[in-house]
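Data first, discussion second: the structure below is written as structure tokens.
Residue numbers (my numbering): 75 to 438.
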């Protein structure tokens, strides 16, 4: 089971060595060997090159995990009972022969040992009784058959507090009290996909298509989009499978918060006019000069304009520093099979209907 280790993980492990030529070794645990030289058993791992190495630890070795909810796994790693686990090891010096009670093994003296992957066998039972394994990594979990066939990958939800975008303010700009209100908002909203239902759908499609099946994927991320002295807006991006399962489609939603209080602001409340007039002006601007259509091309058909106005919801409005985006998810418009996105410049007409406190700094 060979996988690439993300560069940022390697860099972080090397930094723990304070720049004194630490090296990295990774592999799946295959067993343990007792030794009189240490109260800790030597950890045996099978590295990516297929060779087996020993990992020698002591009381000064830093042991931690990149995974969520891994206290039990950490305890097993420390007491020498862990199985089905991939670890990252940083060490200094050469690989050497190390004597154990069962013979010698090529080994390294570990500075840090971290859990990178954990395979939980028979972790999930589907409605029809099928049992799946669950592979957990630093980026999320994968439901798979015992032979390793992947059925569903679920990325670990990100944001808003741990996502940073270049040249944009971040969650750190909120006061501590405001941060908690924003986090409470997202915690209460929760995930915008149904993991259980998607897993059942994915396995049903696998049983139908076999080798032609493509792994289903779920992902949800909240990232900063725009800001000024008064507000900060975020984009929630959710990736879910299409009905045919061969690819995913994105749902894009906007959220706006008061920077001082952390209170959520309804997307229509950024306008000084009523919601109906705001929708009229936004849709007209979507067909006007300077509008950028990221989906299918459109024309000025009045019936389409009426459809957009009727379907528009405040959460479909996303404030960016560069423009105002309107994002209609797939299934909300009869005229479009997939999502429909349009970017609208902050023209004088658009800014005229927005409260000054709602206009991003770069839009002036």
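Ideal Cβ positions, reconstructed from N, Cα and C, are used throughout, including at glycine.
| Check | Outcome |
| --- | --- |
| Nearest to residue 269 by alpha carbon, out of 246, 226, 301, 263? | 226 |
| Is DSSP giving residue 341 helix, strand or coil here? | helix |
| Please determine, among 221, 407, 305, the residue with the shortest C-alpha to C-alpha distance to residue 256. | 305 |
| Considering Cα atoms alone, identify which of 340, 416, 335 is closest to residue 329. | 340 |
| Who are the near neighbours of residue 254 in its chain, counting only those whose CB is closer than 8 Å to its CB and skipping five residues on each side? | 336 |
| Measuring straight from C-alpha to C-alpha, what distance separates residue 75 and residue 208? | The predicted model places residue 75 with a pLDDT of 47, which falls under 50 and marks its position as unreliable; any figure quoted below should be read in that light. C-alpha separation (whole angstroms): 14 Å. |
| Taking 8 Å as the cut-off, decide whether the C-beta atoms of residue 162 and residue 139 are in contact. | no |
| Measuring alpha carbon to alpha carbon, tell me which residue in 297, 201, 366, 195 is nearest residue 238. | 297 |
| Buried or exposed: where does residue 367 fall if 16 or more other Cβ atoms within 10 Å of its Cβ makes it buried? | exposed |
| Does residue 154 come within less than 8 Å of chain D when only Cβ atoms are used? | The displayed structure is made up of one protein chain only, and chain D is not part of it. |
| I'd like to know if the region 127 to 135 and the region 213 to 225 are in contact, where contact means that at least 3 CB-CB pairs between them fall below 8 Å. | no |
| Buried or exposed for residue 130, please, with buried defined as at least 16 other CB atoms from any protein chain shown within 10 angstroms of its CB. | buried |
| Given residue 385, which residues of its chain have a CB within under 8 Å of its CB, disregarding the five upstream and five downstream residues? | 402, 406, 407 |
| Let me confirm a value: residue 353 is counted as buried when at least 16 other C-beta atoms fall within 10 Å, else exposed. Which label applies? | buried |
| Is it the case that the Cβ atoms of residue 167 and residue 183 are separated by a distance below 8 Å? | yes |
| Which one or two residues does DSSP pair with residue 119 in a beta bridge? | 103, 127 |
| For residue 431, is the classification buried or exposed, using 16 other Cβ atoms within 10 angstroms of its Cβ as the cut-off for buried? | exposed |
| Once DSSP output is grouped into helix, strand and coil, what is the label at residue 396? | coil |
| Please state the DSSP three-state secondary structure of residue 263. | helix |
| Mark residue 128 as exposed unless 16 or more other C-beta atoms lie within 10 angstroms of its C-beta, in which case mark it buried. | buried |
| Who are the near neighbours of residue 171 in its chain, counting only those whose CB is closer than 7 Å to its CB and skipping five residues on each side? | 178, 180 |
| Just confirm the distance between the C-beta atoms of residue 448 and residue 389, as a whole number of angstroms; I'd bet it's less than 8 Å. | Nothing can be reported for residue 448, as the shown portion of the chain is limited to 75 through 438. |
| Spatial neighbours of residue 108 within its chain, please: C-beta separation below 6 Å, excluding the five flanking residues on both sides. | 115, 175 |
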